[in-house]
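*Asks:* Chains as they are written, first to last, in our numbering: chain A, 1 to 207; chain B, 1001 to 1207. No residue lacks a Cβ here, since even glycine has one placed at the ideal position from N, Cα and C.
Protein chains: 2
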Amino acid sequence: MKKGISQATIDRLPLYFRTLQLAADEQLQIISSDELGRRLDITPEQIRKDLATFGQFGRKGIGYDVHELKENIGKILGLPNRWRLAIVGVGHLGGALANYVNFSSLGFSVVALLDKNKSLVGTRVNGLTVNDASKMKRVVAANEVDIGVITVPADEAQGVADALIAAGVKGIWNFAPTKLNVPSTIPLVNEDLSIGLSTLSYHMSQE
Amino acid sequence: MKKGISQATIDRLPLYFRTLQLAADEQLQIISSDELGRRLDITPEQIRKDLATFGQFGRKGIGYDVHELKENIGKILGLPNRWRLAIVGVGHLGGALANYVNFSSLGFSVVALLDKNKSLVGTRVNGLTVNDASKMKRVVAANEVDIGVITVPADEAQGVADALIAAGVKGIWNFAPTKLNVPSTIPLVNEDLSIGLSTLSYHMSQE
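#1: Assuming B:Ala1154 and B:Ala1176 make a contact with CB atoms under 8 Å, what is their CB distance in whole Å?
#2: Suppose you measure from the CA of A:Leu252 to the CA of B:Val1125; what does that come to, to the nearest Å?
#3: Would you verify that the beta carbon of A:Val189 is, or is not, closer than 8 Å to some beta carbon of chain B?
#4: For the beta strand (DSSP E) containing A:Ile165, name the first residue and the last one.
#5: How would you label B:Met1001, buried or exposed, when you count the other beta carbons within 10 angstroms and need 16 or more for buried?
#6: Within the 8 Å Cβ cut-off, does B:Lys1179 reach chain A?
#7: Based on Cα-Cα distance, which residue from B:Leu1077, B:Val1140 and B:Leu1113 lies nearest to B:Leu1106?
#8: Counting only Cβ-Cβ distances shorter than 8 Å, please list the residues of the segment 16 to 40 of chain A near chain B, keeping chain order.
#9: What does A:Asn143 reach in chain B if we use C-beta pairs closer than 8 Å?
#10: Does the distance from the C-beta atom of B:Arg1084 to that of B:Val1145 stay below 8 Å?
#11: By how many angstroms is the C-alpha of B:Ile1147 removed from the C-alpha of B:Trp1173?
#12: Beta-carbon of A:Leu69 versus every beta-carbon of chain B: anything under 8 Å?
#13: Near B:Lys1049, what residues of its chain come up, given a Cβ to Cβ distance below 8 Å and the 5 sequence neighbours on each side ignored?
#14: Can you find a CB in chain A that lies within less than 8 Å of the CB of B:Lys1002?
#15: On a CA-only basis, which of A:Leu197, A:Leu28, A:Glu71 and A:Ala86 is nearest A:Lys137? Give me that one, please.
#16: Which residues in the same chain have their Cβ closer than 7 Å to the Cβ of B:Thr1129, if we skip the five residues on either side of it in sequence?
#17: Are the beta-carbon atoms belonging to B:Tyr1064 and B:Phe1054 less than 8 Å from one another?
#18: Within this structure, are the beta carbons of B:Thr1199 and A:Asp11 separated by less than 8 Å?
#19: At a cut of 8 Å, does the segment 189 to 197 of chain A reach the segment 1005 to 1025 of chain B through at least three beta carbon pairs?
#20: Roughly how many angstroms separate the alpha carbons of A:Lys135 and A:Thr151, rounded to a whole number?
#21: Using CA atoms only, rank isn't needed, just tell me which of A:Pro44, A:Lys170, A:Asn190 and A:Val90 is closest to A:Val140.
#22: Pick from A:Val111, A:Asn131 and A:His67: whose alpha carbon is nearest that of A:Asn117?
#23: Does the separation of the CB atoms of B:Leu997 and B:Ala1161 fall below 8 Å?
#24: I think A:Val88 touches A:Leu120, with their Cβ atoms under 8 Å apart; what is that distance to the nearest whole Å?
#25: Does A:Leu289 come within less than 8 Å of chain B when only Cβ atoms are used?
#26: So the candidates are B:Ser1205, B:Gln1206 and B:Leu1164; which of them puts its Cα closest to the Cα of B:Ile1186?
#27: Cβ closer than 9 Å: which chain B residues qualify as neighbours of A:Gly171?
#28: Among A:Glu45, A:Lys70, A:Ile47 and A:Asp34, which has the Cα closest to the Cα of A:Asp25?
#29: Specify, as a first and last residue, the run of the alpha helix (DSSP H) that A:Ser109 falls within.
#30: Can you tell me which of the three DSSP states B:Asn1072 falls into?
#31: With a cut-off of 8 Å, does the C-beta of B:Ile1047 fall near any C-beta of chain A?
#32: Taking 8 Å as the CB-CB limit, is B:Ser1194 close to chain A?
#33: Which residue spans inside the segment 112 to 141 of chain A form an unbroken beta strand (DSSP E) run of at least 3?
#34: DSSP three-state label for B:Asp1034, please.
#35: Starting from the beta carbon of B:Asp1162, find every residue of chain A whose beta carbon is closer than 8 Å, and list them in chain order.
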């Protein structure tokens, strides 16, 4: 895999993947960069440039093979790994994520839920029983969890991250509004909903 | 306001704002770009460059006045507008957003909830009564809604966006995994949780 791919390009790959998935559902065999661009509001030049970063897809004047391109982008994104997620913190956001349907279509599955709140332990959310967060190691091992999803309050997030990593997860998806310290071998993605909202506010304030 | 500010810079402004808010809570008067950088894992050079885009903040060798910089970034982001949000679609995600505590600290408030599901209409979520989505115009006007938040399924999202805009909202925050067509006068931000997760997958797949 080539190094030095920009974050912006990586961010667009899931958009390409999803659009190709929809095109495949429509039984489309071939798609042009123009049509991909129209569906995504991205210029065809940008799309051709992004895809060229990873190799030679598509044929000039014809377009991309929908199935082949989808499979290739999926591989680049590591989706065939079919990562297994555990959500720690089954509050409103954790519960919403447990129910978020798009994950399974991308090859992610939520396999475990944990919370330290004893009144939640044992209840069921979207078919999964909430486990006691103190049993982290056992739950992560038993469910072969790859990714830990942190949806606890900010002041509890570092402790949860440490426990998840000690239990053997390979990546962290953090929703708590705080900076986490993790070993450089553990990929970490911070999700911050206030960024989108602030960006909207910024654009609404421009005349 | 200057034109041509990169999206990446705009994306960092809420991070600066939140970090300054925490620093203000700690009674810190002055903060250096080094300290801001340490707290955010961003280089001090990047921070000085970002802030210089908007004007002359801070004094060389001393640092930034925490309160002043926070106020200024807040103004750039349009936060003093104290935008009023209506959430359309009170499922798991809509319910989670209605409860998302960070919004109020940034000056956003959720003032109305709407859903077309009659069994939800009249129920209360986080102190707000769910309104019938067919009463969009009246609810938006009565609550002086600025921003419409779309958390309905993809195939209903365009209809909801049209109704929100007809009812007079000034911006759209879309969580439905679909491309919306809105007039160029209406700022639109699409939120896509699968991007963060796919990015994590990508990094976990690199050796």
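*Replies:* Based on what the coordinates show:
#1: Here residue 1154 of chain B is taken as the residue at index 154 of the second sequence, counted from 1. Here residue 1176 of chain B is taken as the residue at index 176 of the second sequence, counted from 1. Yes, B:Ala1154 and B:Ala1176 are in contact; Cβ-Cβ is about 5 Å, under 8 Å.
#2: There is simply no residue 252 of chain A to check, as chain A begins at 1 and stops at 207 in what is shown.
#3: For this step, residue 189 of chain A is matched to residue 189 along the first sequence. Interface residue, yes.
#4: Indexing the first sequence from 1 puts residue 165 of chain A at position 165. Premise fails: A:Ile165 lies in the alpha helix (DSSP H), Ala154 to Ala167, not in any beta strand (DSSP E).
#5: Looking up residue 1001 of chain B in the second sequence gives position 1. Because the pLDDT at B:Met1001 is just 43, under 50, the model does not fix this residue reliably, and the value given afterwards should be weighed accordingly. Label assigned to B:Met1001: exposed.
#6: Mapped onto the second sequence, residue 1179 of chain B falls at position 179. With 8 Å as the cut-off, B:Lys1179 counts as an interface residue toward chain A.
#7: Working through the second sequence from its first residue, we reach residue 1106 of chain B at position 106. Residue B:Leu1077 is the option with its Cα nearest to B:Leu1106.
#8: Phe17, Arg18, Arg39 and Leu40
#9: Here residue 143 of chain A refers to the residue found at position 143 when the first sequence is read from its first residue. Neighbours of A:Asn143 on chain B: none; closest Cβ ~17 Å, over 8 Å.
#10: Residue numbering aside, residue 1084 of chain B sits at position 84 when the second sequence is read from its first letter. Residue numbering aside, residue 1145 of chain B sits at position 145 when the second sequence is read from its first letter. Yes, these two residues count as a Cβ contact at 8 Å.
#11: The residue given as residue 1173 of chain B occupies position 173 in the second sequence. The residue given as residue 1147 of chain B occupies position 147 in the second sequence. If I take the Cα positions, the gap works out to 7 Å.
#12: Indexing the first sequence from 1 puts residue 69 of chain A at position 69. Not an interface residue.
#13: Taking the second sequence and counting its residues from 1, the one referred to as residue 1049 of chain B is at position 49. For B:Lys1049, where only same-chain residues beyond five positions count, there are no Cβ hits under 8 Å.
#14: Here residue 1002 of chain B corresponds to residue number 2 of the second sequence, with the count starting at 1. The pLDDT assigned to B:Lys1002 is 47, lower than 50, so where the model puts this residue is not dependable; a value taken from the coordinates is nonetheless given after this. No, B:Lys1002 lies away from the interface with chain A (no Cβ there is under 8 Å from its Cβ).
#15: Translated into the one-based positions of the first sequence, residue 137 of chain A becomes position 137. With distances taken between Cα atoms, A:Lys137 lies closest to A:Ala86.
#16: Taking the second sequence and counting its residues from 1, one reaches residue 1129 of chain B at position 129. Excluding residues within five positions, the ones whose Cβ falls inside 7 Å are Gly1122.
#17: Here residue 1064 of chain B is taken as the residue at index 64 of the second sequence, counted from 1. Here residue 1054 of chain B is taken as the residue at index 54 of the second sequence, counted from 1. Cβ atoms of B:Tyr1064 and B:Phe1054: not closer than 8 Å.
#18: What you label residue 1199 of chain B is simply residue 199 of the second sequence in a count that begins at 1. What you label residue 11 of chain A is simply residue 11 of the first sequence in a count that begins at 1. It is a contact, given that the beta carbons lie within the stated cut-off.
#19: yes
#20: On the first sequence, residue 135 of chain A is found 135 positions in, with the first residue counted as 1. On the first sequence, residue 151 of chain A is found 151 positions in, with the first residue counted as 1. Distance between the alpha carbons of A:Lys135 and A:Thr151: 17 Å.
#21: Residue numbering aside, residue 140 of chain A sits at position 140 when the first sequence is read from its first letter. Here the closest residue by C-alpha is A:Lys170.
#22: By 1-based counting over the first sequence, the position of residue 117 of chain A is 117. Taking only the C-alpha atoms, the option nearest A:Asn117 is A:Asn131.
#23: It is not possible to answer for residue 997 of chain B, since the shown part of chain B is limited to 1001 through 1207.
#24: Taking the first sequence and counting its residues from 1, one reaches residue 88 of chain A at position 88. Taking the first sequence and counting its residues from 1, one reaches residue 120 of chain A at position 120. The pair is not a contact, with the Cβ atoms about 12 Å apart (cut-off 8 Å).
#25: The structure shown has nothing for residue 289 of chain A, since chain A only spans 1 to 207.
#26: Within the second sequence, the letter at position 186 stands for residue 1186 of chain B. Among B:Ser1205, B:Gln1206 and B:Leu1164, the Cα nearest to that of B:Ile1186 belongs to B:Leu1164.
#27: Looking up residue 171 of chain A in the first sequence gives position 171. Here the neighbours are Leu1200, Ser1201, His1203 and Met1204.
#28: As a working mapping, residue 25 of chain A is identified with position 25 in the first sequence. Nearest of A:Glu45, A:Lys70, A:Ile47 and A:Asp34 to A:Asp25, Cα basis: A:Lys70.
#29: Here residue 109 of chain A refers to the residue found at position 109 when the first sequence is read from its first residue. No alpha helix (DSSP H) holds A:Ser109; the beta strand (DSSP E) holding it covers Ser109 to Asp115.
#30: Locating residue 1072 of chain B in the second sequence gives position 72, counting from the first residue. It is helical.
#31: Stepping through the second sequence from its first residue, residue 1047 of chain B is reached at position 47. No - not a single Cβ of chain A is within 8 Å of the one on B:Ile1047.
#32: If you number the second sequence from 1, residue 1194 of chain B lands on position 194. Chain A, which has a Cβ nearer than 8 Å to the Cβ of B:Ser1194, makes this yes.
#33: 128 to 132
#34: Mapped onto the second sequence, residue 1034 of chain B falls at position 34. Here B:Asp1034 sits in helix by DSSP.
#35: Working through the second sequence from its first residue, we reach residue 1162 of chain B at position 162. Those within 8 Å of B:Asp1162 in chain A number zero; the least Cβ separation is about 18 Å.
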